[in-house]
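Shown next, in structure tokens, is the structure this report addresses.
In the UniProt record's numbering, the protein residues as written are 1 to 288.
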């Protein structure tokens with residue numbers, strides 16, 4: 001039990017409607033309960049939180065992340081950290097037993113692990129090696145974007161179910177990065193398609209939020225393929241206005257955490273022929 005109160009976290013706004021840079025917190029597994037509660041509250045309030053100057057300590061990242069809940073193991077098992085399988089390695093880095101997951105194609109907006117029956121709660125992404133240009137991560141305020149949707153689109157979304165399929169994502173990735181191997185039959189059996197509402201209610205804040213991942217959703221139940229795609233495109237055209245987006249330009253030592261139940265995100269490209277990128281992601285499992 002904490003013997004004295006922790007100093008309050010300080011927050012500086014990042015995006016137009018969401019996101020904050022936090023100071024006053026050290027990322028470690030034995031962080032005090034009061035500090036952890038303040039971090040959770042900030043994550044729910046801002047959707048995306050940034051901590052600068054975090055030491056490159058994969059064990060500490062795993063231990064801190066685990067304080068938030070059980071951790072997922074990523075479906076792409078070959079791209080995990082050799083000493084910490086809870087860490088999914090992203091980028092074009094090869095070395096020290098690490099083969100990071102790398103895609104050359106343009107990424108679509110998504111929430112991590114939407115292809116699971118219970119999608120993830122939050123992701124924590126650490127910049128170990130960051131290129132001097134490119135490779136930004138873009139975040140979308142799915143709560144405000146939904147709140148400000150035209151009423152006709154809100155009505156059209158009501159009750160609609162999107163089917164999230166890791167196979168659909170694998171086909172997208174293969175089209176844009178042809179040298180990536182297609183999804184195996186074993187993986188297809190392990191990760192069957194799952195239905196999720198296109199609009200969810202956040203279990204903590206009670207706010208409604210868009211849960212739309214265009215490259216993962218195979219179809220919308222009860223709609224033709226064309227009509228389902230048109231609905232998703234119309235919603236995303238509204239949701240991707242600049243006022244709902246924060247673009248994070250990475251510095252080494254940045255740790256960004258985001259609430260997958262309140263935000264969507266995507267990545268920008270970087271010149272992989274000139275620069276090296278290595279990012280460590282831990283993912284907190286969702287609650288049924």
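Just so it is clear, CB atoms sit at the ideal spot from N, CA and C, and this is done for glycine as well.
Note that the structure is predicted; figures quoted are calculated from it, not measured.
Beta bridge pairing from DSSP links residue 59 with no other residue. Annotated as distal: residue 91 and residue 268, with beta-carbon spacing of 8 Å or more.
Separation of residue 12 and residue 181 (C-alpha to C-alpha, rounded to the nearest whole angstrom) is 42 Å. When 144, 199, 203 are compared, the shortest CA-CA separation from residue 159 is found for 199. Contact between the region 33 to 49 and the region 167 to 179 is not established, with fewer than three Cβ pairs separated by less than 8 Å.
With 16 or more neighbouring CB atoms inside 10 Å of its own CB, residue 54 falls in the buried class. Around the beta carbon of residue 94, fewer than 16 other beta carbons lie within 10 angstroms, which makes this residue exposed. Approximately 5 Å separates the beta-carbon atoms of residue 117 and residue 194; this is inside 8 Å, confirming the contact. Note that the C-beta distance between residue 248 and residue 139 is below 8 Å. Contact between residue 72 and residue 257 is absent: CB atoms are separated by about 14 Å, not below the 8 Å threshold.
For the region 147 to 216, the full-length alpha helix (DSSP H) segments reaching 4 residues or more read 151 to 157, 166 to 176, 185 to 190 along the chain. Here residue 61 is buried: its Cβ has 16 or more other Cβ atoms, across all protein chains shown, within 10 Å. Looking only at 169, 225, 191, 236, the smallest Cα-Cα distance to residue 209 is reached by 236.
Looking at the DSSP output, residue 90 sits in a beta bridge with 101, 279.
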